[in-house]
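Comments concern the structure below.
Numbering (the working numbering), first residue to last: 84 to 386.
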């Protein structure tokens with residue numbers, strides 16, 4: 084691989100993922116944990132972590148907004164995984180997310196409120212993204228994860244414009260939700276990766292009614308909203324719509340231990356394998372296998 088990153092993974096709202104294992108769960112009782120682990124988390128962070136498993140260090144850069152001691156800790160964990168982290172410092176503290184894992188295999192996931200951005204921070208982040216895009220000109224720029232408080236959905240349009248400073252050879256992938264996903268599709272991108280819930284929400288927002296997901300995905304591709312529409316169905320698999328083609332991969336059966344990061348790691352594998360020369364069918368099959376393996380892996384950890 085060249086010394087220029089092939090993937091620039093962008094995360095505005097990362098999280099320090101904390102997983103605790105307990106022997107029981109009941110209200111109004113102090114419950115000790117048997118074990119605890121902390122992982123760097125958030126959409127683009129996880130995409131970078133998974134891509135780094137396939138690609139060398141110089142091929143992946145994570146552009147991450149971080150604040151406070153929690154942000155410091157997350158940055159340290161990325162350093163431990165030998166990931167190039169371009170840090171954008173914000174005033175508010177980076178959030179945490181928790182998973183409480185039970186002996187029977189069940190778990191609770193608790194997502195904390197994230198930092199609230201100021202308008203000036205949004206402008207500076209967009210400028211930094213434009214500068215990195217122009218300097219690196221990577222194969223893919225990935226805008227992944229939720230937008231933090233204080234950042235309007237319309238900012239997604241500006242982020243995509245900033246990413247396009249890399250030039251026509253760079254492709255843009257977006258994995259987000261709600262109005263930000265609608266904004267990305269209106270701007271037009273190379274790939275989107277919603278999950279089943281996001282697809283249902285997208286259908287409502289676009290007035291698609293009760294039509295099936297495949298029809299919606301085909302409409303978006305035909306309209307030029309996304310060159311590739313990749314949507315996940317949890318245990319029922321992954322569907323890819325690309326041009327006139329559409330195919331589906333089903334995962335092997337697994338006993339889920341944690342679902343945290345599965346979709347992000349899927350996207351990281353998909354893009355990395357495409358960069359390594361795989362065709363879309365092969366890359367997406369390996370991506371589906373990655374997501375299945377993630378579900379059987381503790382914490383928020385690439386398999």
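The beta carbon of each residue, even a glycine, is placed where N, CA and C say it ideally should be.
- For residue 347, the uninterrupted alpha helix (DSSP H) segment begins and ends at 345-358.
- Shown here, residue 261 sits in a helix according to DSSP, grouped into three states.
- The stretch 224-233 makes contact with the stretch 257-271, as at least three CB pairs between them are under 8 Å.
- Annotated as distal: residue 355 and residue 146, with beta-carbon spacing of 8 Å or more.
- Residue 358 holds the alpha-carbon nearest to the alpha-carbon of residue 134 among 365, 381, 358.
- Nearest Cα to residue 364 within the set 376, 331, 189, 266: 331.
- Between residue 291 and residue 150, the alpha-carbon positions lie close to 39 Å from each other.
- Here the alpha carbons of residue 264 and residue 202 stand approximately 21 Å from one another.
- With at least 16 other beta carbons inside 10 angstroms of its own, residue 132 counts as buried.
- According to the DSSP assignment, residue 127 belongs to the alpha helix (DSSP H) that extends over 126-137.
- By DSSP's assignment, residue 122 forms a beta bridge with 100.
- The beta carbon of residue 240 sits closer than 6 Å to those of 266, 270, all from its chain and outside the five residues before and after it, given in chain order.
- Taken through DSSP and simplified to helix, strand or coil, residue 155 comes out as helix.
- Between the stretch 316-333 and the stretch 98-109, the count of C-beta pairs closer than 8 Å stays below three; the two stretches do not touch.
- In this structure, the beta-carbon distance from residue 163 to residue 99 does not fall below 8 Å.
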